[in-house]
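Novice: So the sequence lines, in the order shown, correspond to chains A and U.
The first sequence maps to residues 0 to 434 in numbering that gives the first Met the number 0.
The second sequence maps to residues 0 to 351 in numbering that gives the first Met the number 0.
Glycine included, C-beta positions come from ideal geometry on N, C-alpha and C.
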Amino acid sequence: MFESLGDRLQNALHKIKGYGKITEDNISDMMREIRLALLEADVNYQVVKEFTNTVKEKALGEEVQKSIKPGDLFVKIVKDELTELLGGESSPLNVNGNPAILMLVGLQGSGKTTTIGKLANFLRKKQGKKPLLVACDVYRPAAIDQLKQLGKQLGIEVYEEGKKDPVEISKKAISYAKENGYDYVLIDTAGRLHIDEELMDELKNMQKEVNPQEVLLVIDSMMGQDAINVITGFHESLSLTGVILTKLDGDTRGGVALSVRHLTNVPIKFIGTSEKLDGLESFDPERMAGRILGMGDIVSLVEKATEVIDEEEAMSAAKKMQSGKYDLEDFLKQMKQIKKLGPLENLIKMLPGAKKMGLTNVNIDPKQIAHVEAIVLSMTPKERKNPDIIKASRKTRIAKGCGLSVQEVNQLLMQFDQMKKMMKQMSSGNFKMPF
Amino acid sequence: MGLFSKIKNMFSKEAEEKPKIEMNQEDTSMVENNQEAKKNTSEEKPVKVYEKGLTKSRKGFVSNLISLTSHYSKITDAYFDELEEILIMADIGVNTVMKFMDRLRERVRKEKIEDPNLLKEIIVDELFIIYVDEEVLESKIHFSMTGPTILLFVGVNGVGKTTTIGKLAWQMKEKGKKVLLVAGDTFRAGAVEQLKEWSEKIGVDFFGKEEGSDPASVVYDGIVKAKEENYDVVLIDTAGRLQNKVNLMKELEKINRVIASFIPEAPHETLLVIDATTGQNGISQAKSFQEITNITGIVLTKLDGTAKGGIVLAIKEEVNIPVKYIGLGEAKEDLQPFDIEAYIYGLFKDMM
Numbered sequence: 000m001f002e003s004l005g006d007r008l009q010n011a012l013h014k015i016k017g018y019g020k021i022t023e024d025n026i027s028d029m030m031r032e033i034r035l036a037l038l039e040a041d042v043n044y045q046v047v048k049e050f051t052n053t054v055k056e057k058a059l060g061e062e063v064q065k066s067i068k069p070g071d072l073f074v075k076i077v078k079d080e081l082t083e084l085l086g087g088e089s090s091p092l093n094v095n096g097n098p099a100i101l102m103l104v105g106l107q108g109s110g111k112t113t114t115i116g117k118l119a120n121f122l123r124k125k126q127g128k129k130p131l132l133v134a135c136d137v138y139r140p141a142a143i144d145q146l147k148q149l150g151k152q153l154g155i156e157v158y159e160e161g162k163k164d165p166v167e168i169s170k171k172a173i174s175y176a177k178e179n180g181y182d183y184v185l186i187d188t189a190g191r192l193h194i195d196e197e198l199m200d201e202l203k204n205m206q207k208e209v210n211p212q213e214v215l216l217v218i219d220s221m222m223g224q225d226a227i228n229v230i231t232g233f234h235e236s237l238s239l240t241g242v243i244l245t246k247l248d249g250d251t252r253g254g255v256a257l258s259v260r261h262l263t264n265v266p267i268k269f270i271g272t273s274e275k276l277d278g279l280e281s282f283d284p285e286r287m288a289g290r291i292l293g294m295g296d297i298v299s300l301v302e303k304a305t306e307v308i309d310e311e312e313a314m315s316a317a318k319k320m321q322s323g324k325y326d327l328e329d330f331l332k333q334m335k336q337i338k339k340l341g342p343l344e345n346l347i348k349m350l351p352g353a354k355k356m357g358l359t360n361v362n363i364d365p366k367q368i369a370h371v372e373a374i375v376l377s378m379t380p381k382e383r384k385n386p387d388i389i390k391a392s393r394k395t396r397i398a399k400g401c402g403l404s405v406q407e408v409n410q411l412l413m414q415f416d417q418m419k420k421m422m423k424q425m426s427s428g429n430f431k432m433p434f
Numbered sequence: 000m001g002l003f004s005k006i007k008n009m010f011s012k013e014a015e016e017k018p019k020i021e022m023n024q025e026d027t028s029m030v031e032n033n034q035e036a037k038k039n040t041s042e043e044k045p046v047k048v049y050e051k052g053l054t055k056s057r058k059g060f061v062s063n064l065i066s067l068t069s070h071y072s073k074i075t076d077a078y079f080d081e082l083e084e085i086l087i088m089a090d091i092g093v094n095t096v097m098k099f100m101d102r103l104r105e106r107v108r109k110e111k112i113e114d115p116n117l118l119k120e121i122i123v124d125e126l127f128i129i130y131v132d133e134e135v136l137e138s139k140i141h142f143s144m145t146g147p148t149i150l151l152f153v154g155v156n157g158v159g160k161t162t163t164i165g166k167l168a169w170q171m172k173e174k175g176k177k178v179l180l181v182a183g184d185t186f187r188a189g190a191v192e193q194l195k196e197w198s199e200k201i202g203v204d205f206f207g208k209e210e211g212s213d214p215a216s217v218v219y220d221g222i223v224k225a226k227e228e229n230y231d232v233v234l235i236d237t238a239g240r241l242q243n244k245v246n247l248m249k250e251l252e253k254i255n256r257v258i259a260s261f262i263p264e265a266p267h268e269t270l271l272v273i274d275a276t277t278g279q280n281g282i283s284q285a286k287s288f289q290e291i292t293n294i295t296g297i298v299l300t301k302l303d304g305t306a307k308g309g310i311v312l313a314i315k316e317e318v319n320i321p322v323k324y325i326g327l328g329e330a331k332e333d334l335q336p337f338d339i340e341a342y343i344y345g346l347f348k349d350m351m
């Protein structure tokens, strides 16, 4: 629900856009909106105070008065401040070590085990290295089992010794990794409260023994004002090197992201964006700030697309679209590629202007996509090339083939027809983008 | 005088007795149990437990309130600002706090209150009003008169659904119920195994299939088993799902349909588990789950940390779902029935 924070800010900014000058008078309404929006987003109370003060000062300062369009400048000030608050430059993982040792810590249920699986997958994929997972959560029932299953799914080895002393396990795991040429050792630890001295001491001991390059706090993005107690609690004991923010695919506004760096100076390094094992992304403060303000995140979108989309195929599809030869076969191919991009809702949110078009609340059921796919797959290649030949009896056959109704087949054919018409308009230059 | 004096009395009585703090398993408050005997114990004992569990939660909140009243000899704008901050820091919910502050200002103006000490009492009273809202609140579990009682547990990821089931199942078993746990979370790695370990730990029966099975079919077979083998209570675990995931919410709908096809009035309780550290998103969680299933109560978990779980006040106000249980730790004993008086009392204890 980052979007709705952006919404409120945009509404507030909208009010000022008409004015020629930012003054104490017209700024106070907006500051109030910003304050409420940030509080509703679970941004720490102190951070909100400081943020609104800084923005107010900067907006009222000289630079604004020289400006011709104060509204635009205000957007820039807010965005810059947000970026600053989110941590300025992005900070990469420190993996200088042979092997590099990474420890994941956090409260119960923040998503440590799932995240460690994603992180191992990420490191292997992006850097082509060999990771080892270490099961040191010896307390929660079936935690070791969970990590082992993730390891199995990913084809990454898991080091475990059952429910023994976690510090000993971690030490042995590192010798094992050295002997067997692993590049990374990722240690999963049990969830614990930051005020549980005994368990915090255990982590301190582990840190002393294994001397990790990274101690990463995994934190739930839905957390409220207590986040600051948790972050400072863990930071004071362990000198954290980074934070991983999980469950950002929910509708939380994730104000905790704004609080982390500002209050502790610990950078956010990754965000969790789905339950799937590739749902981990590098944290980028500027993009996040843009997303908060509803400016869209076209950079992420493009980056994601280039990762999974075959450029040649995309080019040939584009050519076909222009020439009007685009058929259901191409449609099917593209749909498969789009599916690789992950949940469509996430993609739509990245589009600039998506908010204005009311697209951010669109919920797409993956089943519907599967249905469309099933319909097209039930057609013969000839039908896919020439949807016009599909008449009543063919429709009945297709419907039977995919287990759906004739109406649903009709609907798809109609939509495809409309799409083709739109493509024609676009390539003839008569089409105006809505943003 | 309302709540304030009542809980104050309650406290002074207990202070004299100096009872040792202990977990009270008698207090799962089941409707069919002897109501009379229950009343006597439930008035005193939960308070102690809350006191213990909320010690850390309370610290920040209450010491802030105390310093607030000692800072100010008169009620000023700055006083209100600081009070607002304290309430927001307890995650009580921005809207709820804003409305609350408005009402408070109104009362101060109307009743011409100037002494901050008097206001403390009003703050407690007003918070109580937000939660109770002139209703008779039911914090007990409804049991089916015939056949098994079905309890469904839902919530977002990582809030403590499985652990809560373990704890509640243990309490029910101690009451002599024949309990079956059904592993409806077939998605998360290790979830089935986790519930199974709980069932072994507390000595109740377990039903589950391998990971990746259709959860609705697990629930179906689980209920068949429960009916055939005459279980009293069936506790169904479900996968954690973020409330904006359409397909997962539909899956939950299907599970509900399957349950209702056996026993029309079931599930007898659908409990939404919410993590006390949750911020404003808690309201969205309650609203979305309420749309899909008939949520009958909330289990507020992880209150043994520093989080205050104030969002439940906003949830009660905006979505009208009461809290039925609170989780205060990882052990099987660490689940207690919710008592709003004890809860508010726990937060304000040092102030009185």
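Excluding the 5 residues flanking Leu118(U) on each side, which residues of the same chain have their C-beta closer than 8 Å to its C-beta?
Specialist: Thr68, Ile74, Leu103, Val107 and Ile112.
Novice: Please decide whether Glu100(U) counts as near chain A, where near means a Cβ-Cβ distance under 8 Å.
Specialist: According to the sequence as given, residue 100(U) is Met; it is not Glu. Judged by the 8 Å Cβ criterion, Met100(U) is not in contact with chain A.
Novice: Unbroken beta strand (DSSP E) runs of length 3 or more, entirely within the segment 112–176 of chain A: which are they?
Specialist: Listed in chain order, the complete beta strand (DSSP E) runs (minimum 3 residues) inside the segment 112–176 of chain A are 130–135.
Novice: State the CB to CB distance for the pair Gln284(U) and Gln242(U), rounded to an integer number of angstroms; the pair is presumed to be in contact (CB under 8 Å).
Specialist: 5 Å between Cβ atoms; contact.
Novice: For Ile389(A), collect the residues of the same chain with a Cβ closer than 6 Å to its Cβ; drop the 5 residues on either side in sequence, then sort them by chain order.
Specialist: Within the same chain, Ile389(A) has close Cβ partners Glu382.
Novice: Using the DSSP secondary-structure output, state which residues sit across from Leu150(U) in a beta bridge.
Specialist: For Leu150(U), which the question treats as bridged, DSSP gives the partners Leu234(U) and Glu268(U).
Novice: Does Asn293(U) get closer than 8 Å to chain A when you measure Cβ to Cβ?
Specialist: Cβ-Cβ to chain A under 8 Å: no for Asn293(U).
Novice: How big is the Cα-Cα spacing for Phe79(U) and Asn94(U)?
Specialist: Using only the alpha carbons, I get a separation of about 16 Å.
Novice: Please decide whether Glu407(A) counts as near chain U, where near means a Cβ-Cβ distance under 8 Å.
Specialist: Not an interface residue.
Novice: Could you check whether Ile235(U) and Ile149(U) sit closer than 8 Å to each other, using their CB atoms as the reference points?
Specialist: Yes; because the gap between Cβ atoms is below 8 Å, this pair is in contact.
Novice: Which of the three DSSP states, helix, strand or coil, is assigned to Gln224(A)?
Specialist: The answer is coil: DSSP assigns Gln224(A) none of H, G, I, E or B.
Novice: Applying the 10 Å Cβ sphere with the 16-neighbour rule, what's the burial state of Gly402(A)?
Specialist: With fewer than 16 Cβ atoms within 10 Å of its Cβ, Gly402(A) is classed as exposed.
Novice: Interface residues of chain A around Ile122(U) at Cβ under 9 Å?
Specialist: Within chain A, no residue comes near Ile122(U); the closest Cβ sits about 18 Å away, beyond 9 Å.
Novice: Does the CB of Ile310(U) have a neighbour CB from chain A at under 8 Å?
Specialist: Closer than 8 Å to some Cβ of chain A, the Cβ of Ile310(U) qualifies, so yes.
Novice: Would you verify that the beta carbon of Gln436(A) is, or is not, closer than 8 Å to some beta carbon of chain U?
Specialist: With chain A covering only 0 through 434, there is no way to say anything about residue 436(A).
Novice: Work out the CA separation of Met171(U) and Thr51(A) for me, nearest whole Å.
Specialist: C-alpha separation (whole angstroms): 51 Å.
Novice: Output the distance between the C-alpha atoms of Asn97(A) and Ile168(A), rounded to the nearest integer angstrom.
Specialist: Roughly 18 Å between the two C-alpha positions.
Novice: Which runs of the beta strand (DSSP E) fall wholly inside the segment 63–142 of chain U and span at least 3 residues, in chain order?
Specialist: As far as the segment 63–142 of chain U is concerned, it has no whole beta strand (DSSP E) run of at least 3 residues.
Novice: Hey, is the segment 227–247 of chain A in contact with the segment 270–285 of chain A, meaning 3+ C-beta pairs nearer than 8 Å?
Specialist: Touching, per the Cβ criterion.
Novice: Which same chain residues end up closer than 7 Å to Leu122(A) when comparing Cβ atoms and leaving out the 5 residues on each side of it in sequence?
Specialist: So the list reads Lys128, Pro130 and Tyr183, once near-sequence residues are dropped.
Novice: Can you list, in chain order, the residues of its chain whose CB lies under 6 Å from that of Ile294(U), leaving out five sequence neighbours each side?
Specialist: For Ile294(U), where only same-chain residues beyond five positions count, the Cβ hits under 6 Å are Thr269, Leu271, Phe288 and Ile320.
Novice: Extract the residue ranges of the beta strand (DSSP E) inside the segment 272–334 of chain U, only unbroken runs of 3 or more that lie entirely within it.
Specialist: Listed in chain order, the complete beta strand (DSSP E) runs (minimum 3 residues) inside the segment 272–334 of chain U are 296–300 and 322–326.
Novice: Which residues mark the beginning and the end of the alpha helix (DSSP H) in which Phe337(U) is found?
Specialist: It is not in any alpha helix (DSSP H) - Phe337(U) carries neither H nor E in the DSSP assignment.
Novice: Rounding to the nearest angstrom, what Cα-Cα distance links Asp114(U) and Glu290(U) in this structure?
Specialist: Rounded to whole angstroms, Asp114(U) to Glu290(U) spans 45 Å at the Cα level.
Novice: So, Leu194(U) versus Phe186(U), is the Cβ gap smaller than 8 Å?
Specialist: No, the Cβ-Cβ distance between Leu194(U) and Phe186(U) is not below 8 Å.
Novice: Any residues in the segment 159–192 of chain A with a beta carbon nearer than 8 Å to a beta carbon of chain U? Which ones, in chain order?
Specialist: Those would be Leu192, in chain order.
Novice: Can you list, in chain order, the stretches of the beta strand (DSSP E) that have 3 or more residues and sit fully within the segment 231–293 of chain A?
Specialist: For the segment 231–293 of chain A, whole beta strand (DSSP E) runs of length 3 or above, ordered along the chain, are 241–245, 267–271 and 279–281.
Novice: With a CB to CB cut of under 6 Å and the five nearest residues on each side skipped, what residues in its chain are close to Thr161(U)?
Specialist: Hits under 6 Å: Gln193, Leu194 and Asp236.
Novice: For Ala213(A), which three-state DSSP category applies?
Specialist: Sequence inspection shows Glu at residue 213(A); the Ala mentioned does not correspond to that position. Looking at Glu213(A) - three-state DSSP - the assignment turns out to be strand.
Novice: Quick check: is the beta carbon of Leu106(A) nearer than 8 Å to any beta carbon in chain U?
Specialist: Taking Cβ atoms only, chain U reaches closer than 8 Å to Leu106(A), which makes this a yes.
Novice: Which two residues bound the contiguous alpha helix (DSSP H) that contains Ile374(A)?
Specialist: Pro365 to Leu376 is the extent of the alpha helix (DSSP H) around Ile374(A).
Novice: Quick check on the burial criterion: 16 or more other C-beta atoms within 10 angstroms. Buried or exposed for Gln107(A)?
Specialist: Buried.
Novice: For Leu376(A) and Ile218(A), what's the separation of their Cα atoms in angstroms?
Specialist: Each residue's Cα considered, the two are about 42 Å apart.
Novice: Return helix, strand or coil for Glu43(U), following the three-state DSSP convention.
Specialist: Its pLDDT being 43, under 50, Glu43(U) is placed unreliably in this model, and the coordinates cannot settle the point.
Novice: For Ala142(A), which residues in chain U fall below 9 Å Cβ to Cβ?
Specialist: Under the 9 Å cutoff, chain U gives Gly189 and Gln193.
Novice: What does Gly278(A) touch in chain U if you count any residue whose Cβ is under 9 Å from its own?
Specialist: By Cβ distance, chain U contributes nothing, its closest Cβ being about 12 Å from Gly278(A), past 9 Å.
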